[in-house]
Amino acid sequence: MIPTYNESKNIVNLVPLLDAQLRKTRHPYEIVVVDDNSPDGTWKVARILAKSYPIRLILRKNEKGLATAVIAGFKKAKRRLRRCDRRGLKSPARDDSQARSRT
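Heads up, the final residue of the sequence shown is numbered 1268 in our numbering, and it's a clean run with no missing numbers.
Following this line, the structure appears as structure tokens:
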């Protein structure tokens, strides 16, 4: 899950890296992008990326904040959530023991 606000320049690089690592797990996956109505065009960039990558897009127009963005992403995710922080980009994503499983 990628909560975003003004991340148009970063998401372009992050999504392909994350996708490459998740593909190595050989499990079905989706990348959840939760954008808080970024004025820098993050939503537009995410929509373009969604044409090439398995991205579930969530646009929040009236809410802001990391914690509530993460909660919104958990609620909308269709697949089991996996955690991948900066260190995780160097190795396959790990199961997040606190993540709710969704099938």
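C-beta atoms are modelled at their ideal positions from N, C-alpha and C, and glycine is treated no differently.
- Pairing residue 1175 with residue 1168, the inter-Cα distance amounts to about 12 Å.
- Per the coordinates, the alpha-carbon of residue 1206 lies some 6 Å from the alpha-carbon of residue 1173.
- Secondary structure within the region 1175 to 1207: the beta strand (DSSP E) runs of 3 or more consecutive residues, fully enclosed, are 1196 to 1200 (chain order).
- DSSP places residue 1221 in the strand class (E or B) of the three-state scheme.
- The C-beta of residue 1230 has fewer than 16 other C-beta atoms within 10 Å across all chains shown, which makes the residue exposed.
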